[in-house]
Amino acid sequence: MMEYVSLGKANAVGIDHFCFEMDTASIDDVIADLRRTGIDVVRGPVERRDGTALFVRDPDGVRVELQLKRPLTPAANEGER
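Quick note on numbering: the sequence shown equals residues -6 to 74 in my numbering.
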């Protein structure tokens, strides 16, 4: 997912943020890996109805959302039919 914004001095790239879905055991693992590499979490973790997200910034200052989705439960799947 990418969200575009108009170009301006505050955001010369023109992207508000983009998102990656993470395949890992826990959001704590993601945070630990980021800290080991010197990347600061600028927001989060944030609980959402379908998982947990956190935000970092890329070298251009664009927000990068890292999402960890919760596994679907059988009860959750029934509502989608």
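Built from N, CA and C at the ideal position, the CB exists for glycine as well. The structure displayed is predicted, hence computed values, not measured ones.
Near residue i, what residues of its chain come up, given a Cβ to Cβ distance below 7 Å and the 5 sequence neighbours on each side ignored?
i	result
residue 63	43 and 44
residue 15	23, 59, 60 and 61
residue 27	34 and 49
Give the C-beta separation of residue i and residue j to the nearest angstrom, bearing in mind that I take them to be a contact with Cβ-Cβ under 8 Å.
i	j	result
residue 48	residue 56	5 Å
residue 13	residue 59	6 Å
For residue i, which residues in the same chain have their Cβ closer than 6 Å to its Cβ, ignoring the five residues on either side in sequence?
i	result
residue 39	46
residue 36	48
residue 20	38, 45 and 61
Less than 8 Å separating the beta-carbons of residue i and residue j?
i	j	result
residue 30	residue 23	no
So does residue i have its beta carbon nearer than 7 Å to some heavy atom of the ligand FAD?
i	result
residue 42	Among the components of this structure there are no ligands whatsoever, and the ligand FAD is therefore not found.
Near residue i, what residues of its chain come up, given a Cβ to Cβ distance below 8 Å and the 5 sequence neighbours on each side ignored?
i	result
residue 51	57
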